[in-house]
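Only one structure is covered here, and it is reproduced in the block below.
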Amino acid sequence: GNSVTQMEGPVTLSEEAFLTINCTYTATGYPSLFWYVQYPGEGLQLLLKATKADDKGSNKGFEATYRKETTSFHLEKGSVQVSDSAVYFCALSPVTGGFKTIFGAGTRLFVKA
Amino acid sequence: EPEVTQTPSHQVTQMGQEVILRCVPISNHLYFYWYRQILGQKVEFLVSFYNNEISEKSEIFDDQFSVERPDGSNFTLKIRSTKLEDSAMYFCASELGDTRTGELFFGEGSRLTVL
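Residue numbers (our numbering), protein chains in the order written: chain Y, 40 to 152; chain Z, 338 to 452.
Following this line, the structure appears as structure tokens:
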């Protein structure tokens, strides 16, 4: 079956540090890949997405590249801010042949001033 | 900007009681979902709904759970007889679906506490 594995947190960084959150997936076919962000007390919001191999999703300084050869979709940001403190979820949607978007366990990020 | 709205934001109930969680998806969306999140951790799929019927459900979604879209706007999740382990944050989501991208729009969630 489909699955998503992402690095465990929490991740604690100082402001302006470089961020990487690793995500790998297992899927049949060609899923779409997503990063969602959850700020404290809120629902999940789409951060970025990629729908096919080698696509790069980007938003708010975050980016991730759909790597089919390594089945990965790592999230990166060059310089984090305190306001980036949140929980980040990697997710996979089969798009065809199913309706169930699968989420990773989430990685909590703390950014210190 | 269109958004998914959920009510109530928090409900406290006694074990064994019925609970109905309500959602208003984005109006032109075609696919609807319920997810739950326990203790701010893993987001678990419960059920998907399309064309007025369940399209997929997880093993969590047993006979105690049901969904319906009674009036073309509301999308409800009913738990018939709540258990302590049903305590969680329940999120409704909708997807546009004209061409399936899998991009979900989530509501703010309904926190259910079962005592």
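For each residue, glycine too, the CB sits at the ideal point set by N, CA and C.
For clarity, every value in this text was computed on a predicted model and none was experimentally measured.
Exercise. Would you decide whether residue 78 (chain Y) is buried or exposed? Buried here means 16 or more other CB atoms lie within 10 Å of its CB.
Key: exposed
Self-check item: residue 116 (chain Y) versus residue 429 (chain Z): straight-line alpha-carbon distance, rounded
Solution: 29 Å
Quiz item: Where does the unbroken beta strand (DSSP E) through residue 391 (chain Z) begin, and where does it stop?
Solution: 390-394
Quiz item: Are the CB atoms of residue 447 (chain Z) and residue 358 (chain Z) nearer to each other than 8 Å?
Solution: yes
Practice problem: Taking residue 144 (chain Y) as the query, report the chain Z residues whose CB atoms sit under 8 Å from its CB, ordered along the chain. | Solution: 378 and 379
Quiz item: Within 8 Å (strictly less), CB to CB, does residue 82 (chain Y) reach chain Z?
Solution: yes
Self-check item: 6 Å Cβ shell around residue 147 (chain Y) - same chain, five flanking residues per side excluded
Solution: 48, 49 and 126
Quiz item: Helix, strand or coil for residue 148 (chain Y) per DSSP?
Solution: strand
Quiz item: When Cβ atoms are compared, which residues of the segment 406-418 of chain Z fall closer than 9 Å to chain Y?
Solution: none
Practice problem: State the beta-bridge partners of residue 448 (chain Z) as determined by DSSP. | Solution: Z:347 and Z:426
Quiz prompt | Same chain only: Cβ atoms within 8 Å of residue 346 (chain Z), ignoring 5 sequence neighbours per side | solution = 445, 446, 447 and 448
Quiz prompt | Proximity of residue 43 (chain Y) and residue 143 (chain Y) at Cβ, strictly below 8 Å | solution = yes
Exercise. State the Cα-Cα distance for the pair residue 68 (chain Y) and residue 392 (chain Z), rounded to the nearest angstrom.
Key: 19 Å
Exercise. Check whether the segment 93-110 of chain Y touches the segment 57-71 of chain Y, counting contact only when three or more Cβ pairs, one atom from each stretch, lie closer than 8 Å.
Key: yes
Quiz item: So what does DSSP say about residue 119 (chain Y), is it helix, strand or coil?
Solution: coil
Practice problem: For the beta strand (DSSP E) holding residue 412 (chain Z), just list the boundary residues, first then last. | Solution: 412-416
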